[in-house]
Amino acid sequence: MNQTLIELLDTRVRAALAAVDCPDAPAVIQPAGRPEFGDYQANGVMGAAKARKMNPRQLATEVLAKLDLAGIASKVEIAGPGFINITLAPEYLAGLSNLALTDANMGVPHPPAQRVVVDYSSPNLAKEMHVGHLRSTIIGDALARVLRFMGHEVIAQNHVGDWGTQFGMLTAYLIEAEQAGDVALSDLEDFYRRAKQRFDEDEVFATHARECVVKLQGGDAQVNALWQKFLDVSLHHCEALYAKLGVGLKREDVRGESAYNDDLPVVVADLQAKGLAVESEGAQVVFLDEFKNKDGEAQAYIVQKQGGGYLYATTDLAAVRYRAGTLHADRVLYVVDARQALHFQQMFTLSRKAGYAPAGMSLEHVGFGVMLGEDGKPFKTRSGGTVKLADLLEEAEQRAYALVSEKNQEMPAEERAVIAKAVGIGAVKYADLSKNRNSDYVFSWDSMLSFEGNTAPYLQYAYTRIASVFRRVETFDTRAPIIINDEAERQLALALARFAEALQTVARETMPHFLCAYLYELATQFMRFYEACPVLKSEGSVRDSRLRLCELTARTLKTGLGLLGIETLEQM
RNA sequence: CUGCCCGUAGCUCAACUGGAUAGAGCAACGGCCUUCUAAGCCGUAGGUUAGGGGUUCGAUUCCCUUCGGGCAGACCA
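Okay, here's the thing in structure tokens:
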């Protein structure tokens, strides 16, 4: 299989359109809106008819006469003003399932491979990770996994905040703490708070902190060693959370802001040389007339502060140069808070103008909204503080443990804990990933852990039901073909065949929620099949076929959830 | 003031270059366990897609406008 179902139908319908003298008309294939319209619908005829001032139903009839779907569709008919409704043949769908069972990539075609940089998570290493880092981390991770699965070369980059004045303060405080024999780096948040307090209250300390910034930036060995030590501790903290979350980011993926230090003066000088950056109010500024300020004039984009300091704009420009010049990326995804949308638009525009990003390199801001509490206001603790990511995940596991215990009172505590981890963490991740990332989303323990509807536990449960079947099966033909007799089987096979489409959409739109919606649909179709078609109690080739269908469903669910970074369980 | 995002069932969310009667889940109500895990399945009810105008065979989707919410807009990221 080298194309998805939609691509196949698109090719065939376009060929038919071309045969009736509409060579450039798009087929506009979509999954059918209602069951009675079949499985897919082609909507392109109406547009083509309009362009040629023809009667759409008449044209549809002509297209239908030329449309070759032999062996693919069992029914093709014209409906409404000129829709072509396509119902796929059971034998064809069975064939696709059989193919997917033997294919190493589960029947998912690989598009031309690209080198894709995915910039995600990017916590500030001065502090502990909090809920604000959750979305970038798991959305980015899911996208990286999907792109890799589709055969792309993914370079994950953790653009951590490891530079800036706050690190002067922290190293100064680290010196103090070490002298006092108290290296309390176990709680980063507390360490930061104490350092900040010293900075605000003690002028001598504040001066020392500023000196440390200068020393750090000047390459002073002692301060740099302390800085490295601090980063190491902070990164360990992040990695512990990545491990708990099942996020694949590794130490070698870290390429922090500091990595671009040497290139910052070069960038500014280059922008000046190109006549893009000019001095304004003591700062180096690029005026972009693509963007207007409050007075309707070209908006200023600062690349160097008055006093010579650099900003994130400079760092990001340097990163573009690196990703283009050294990494030769075809595509760069920035999985960053939607509030930075303007910054990215400006930065992308300037990167093009300055020639840092070649025309063939796609720069995409994968923005997302903020997490809200159930009151609709930004997600905070009862006391109004920032919620630590570690605390959130801990609570997820605890809540899941309580629920697992309710359902399995006789189960050993150890097993319950394993299930609780997969379910709790999975629920948190899925609740986030299943929503359109563009909008803010309401974080609700109750709905994500209700285990009903479009949730991770529902999908995990579907998987365990299959696992349970295979625990009970004694013997069957593990190479038996899938044969479709029942409509529930056909619907399940159709859902299975759409896996590739879902992944393709996710990769193209950088929207993980399409994969979630797909998996939910697949699980729902499986549940219906499971209710309607006895597996172990059936006999002969039907039993073998149904077991094979179960097998492919399980693999697809496991693979799909895996691409979201969510574990499956044999039992729950 | 300017720009971006958003407004869909009581609640949380879908709707893939504009397609047919706008779909799910929760909550509500009614069915289904001597049969592979009922964390399930089936059914009922619930809508002027914030309001108004426009484009066309067709608009939740595109354009204009009003209202409401969020965010951003020169030295934080």
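Residue 0 is where the first sequence starts when you use numbering that gives the first Met the number 0, and the numbers rise one by one after that. Even glycine gets a Cβ: it sits at the ideal position worked out from N, Cα and C. Keep in mind it's a predicted model, so treat the numbers as computed, not measured.
- Message: With three or more beta-carbon pairs closer than 8 Å as the criterion, would you say the stretch 89-102 touches the stretch 487-495?
- Response: yes
- Task: Could you spell out where the beta strand (DSSP E) holding R114 opens and where it closes?
- Result: R114 to D118
- Report yes if the C-beta distance between A208 and G167 is below 8 Å; otherwise report no. Yes, the pair counts as a contact, with Cβ atoms nearer than the cut-off.
- Along the beta strand (DSSP E) that carries S361, what are the first and last residues, could you check? For S361, the uninterrupted beta strand (DSSP E) run begins and ends at S361 to V365, by DSSP.
- Item | Strand pairing of I83, partner residues [DSSP] | For I83, the pairing in a beta bridge is given by DSSP as A41 and I77.
- Return the bridge partner residues of K291 from the DSSP annotation. A297
- Reference E6; option with closest CA among D20, V27, V232 and A18: V27
- Going by DSSP, what residues sit across from Q29 in a beta bridge? Q40
- Just mark A220 as buried or exposed, buried being the case when its beta carbon has 16 or more other beta carbons within 10 Å. exposed
- Bridge-paired residues (DSSP) for R554: Bridge partners of R554: none, in fact.
- One or two residues paired with K387 in a DSSP bridge: H129
- Message: Three or more C-beta pairs under 8 Å: does that hold for the stretch 368-377 against the stretch 192-200?
- Response: no
- Task: Measure the C-alpha to C-alpha separation of V117 and V334 and round it to an integer number of angstroms.
- Result: 7 Å
- Task: Excluding the 5 residues preceding and the 5 following L66 in the sequence, name in chain order all residues of the same chain whose CB lies nearer than 7 Å to its CB.
- Result: Hits under 7 Å: R11, V12, A15 and V75.
- Query: Excluding five sequence neighbours on each side, which residues of the same chain lie with their C-beta closer than 6 Å to the C-beta of A224?
  - Reply: none
- Query: I465 to A337, Cα distance in whole Å?
  - Reply: 40 Å
- Message: Using a Cβ distance threshold of 8 Å, determine whether the stretch 385-405 contacts the stretch 416-430, with at least three qualifying pairs required.
- Response: yes
- Proximity winner among G452, Q29 and G308, relative to V266 (alpha-carbon distances): G308
- Query: Near T3, which residues of its chain fall below 7 Å by C-beta distance, leaving aside the five closest residues on each side in sequence?
  - Reply: P108, A499, E500 and Q503
- In three-state DSSP terms, what is Y460? In the three-state reduction of the DSSP assignment, Y460 falls in the helix class.
- Look up R398 in the DSSP assignment and give the residues it is bridged to. Bridge partners of R398: none, in fact.
- Item | Helix, strand or coil at I154 [DSSP, three-state] | strand
- Query: What are the start and end residues of the beta strand (DSSP E) that includes L66?
  - Reply: Looking at the DSSP string, L66 is not in any beta strand (DSSP E), and its letter there is neither H nor E.
- Apply the 10 Å Cβ neighbour rule to Q283 and answer buried if 16 or more other Cβ atoms are within range, or exposed otherwise. buried
- Give me the Cα-Cα distance between Y462 and K557, rounded to the nearest whole angstrom. 7 Å
- Task: Tell me where the beta strand (DSSP E) around A276 begins and ends.
- Result: Unbroken beta strand (DSSP E) run through A276: A276 to S279.
- Given a cut-off of 8 Å, decide if Y39 and I71 are closer than it, judged by their beta-carbon atoms. no
- Task: Would you mind stating whether V19 and V62 have Cβ atoms separated by less than 8 Å?
- Result: Taking 8 Å as the Cβ cut-off, V19 and V62 qualify as a contacting pair.
- Message: I'd like the list of long-range same chain contacts for L303, defined as Cβ closer than 7 Å, with 5 residues on each side in sequence excluded.
- Response: In the sequence under discussion, the amino acid at residue 303 is Gln, which differs from the Leu named in the question. Cβ within range, chain order: V267, A282, Q283, Y309 and T313.
- Task: Could you round the C-beta distance between T555 and M105 to whole angstroms and report it? I think they count as a contact, below 8 Å.
- Result: Contact holds; Cβ gap of about 7 Å.
- Task: Assign D9 to one of two classes, buried (16 or more other C-beta atoms within 10 Å of its C-beta) or exposed (fewer than that).
- Result: buried
- What is the rounded straight-line gap between the Cα of L270 and the Cα of A276? 5 Å
- Assigned secondary structure, Y321 (DSSP; H/G/I helix, E/B strand, else coil): helix
- Item | T474 versus K536 - alpha carbon distance | 13 Å
- Query: Three or more beta-carbon pairs under 8 Å between the stretch 373-382 and the stretch 441-454, yes or no?
  - Reply: Between the stretch 373-382 and the stretch 441-454 there are three or more C-beta pairs closer than 8 Å, enough to call the two in contact.
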